Amino acid sequence: RTDPRIGRDRHTLIMPGAAILQALLRLWPTDRLSVADRGLREGLLYAQMSADGVFPIDDTPQKKR
37 RTDPRIGRDR
47 HTLIMPGAAI
57 LQALLRLWPT
67 DRLSVADRGL
77 REGLLYAQMS
87 ADGVFPIDDT
97 PQKKR
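In case it helps, our numbering puts the sequence shown at residues 37 to 101.
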């Protein structure tokens with residue numbers, strides 16, 4: 037199946053990813069979902085740096101200007 041809102045080149049990535057997300061949300065329902073704008077490695081690095089007190093992480097939601 038195709039979706040006119042998704043380009044053909046992205047369809048092969050987005051649709052399986054959406055199915056995986058749907059399955060995970062069925063297993064672990066939640067009221068919130070965070071989307072990372074960085075890769076997993078960066079997240080692990082930032083978490084370790086924060087734990088070491090080198091890089092403070094601010095989890096406060098940012099307001100759009």
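By construction, the Cβ of each residue, glycine as well, lies at the ideal position given by its N, Cα and C atoms.
Remember, predicted model here, so these are calculated numbers, not experimental data.
Rounded to the nearest whole angstrom, the CA to CA distance from L80 to T38 is 35 angstroms.
If you draw a straight line from the Cα of G43 to the Cα of D73, it is about 21 angstroms long. The stretch 64–95 is shown to contain whole alpha helix (DSSP H) runs of 4 or more residues at 76–87, in chain order. Assigned with DSSP and collapsed to three states, P52 falls in helix. A83 and R41 have their alpha carbons spaced roughly 35 angstroms apart.
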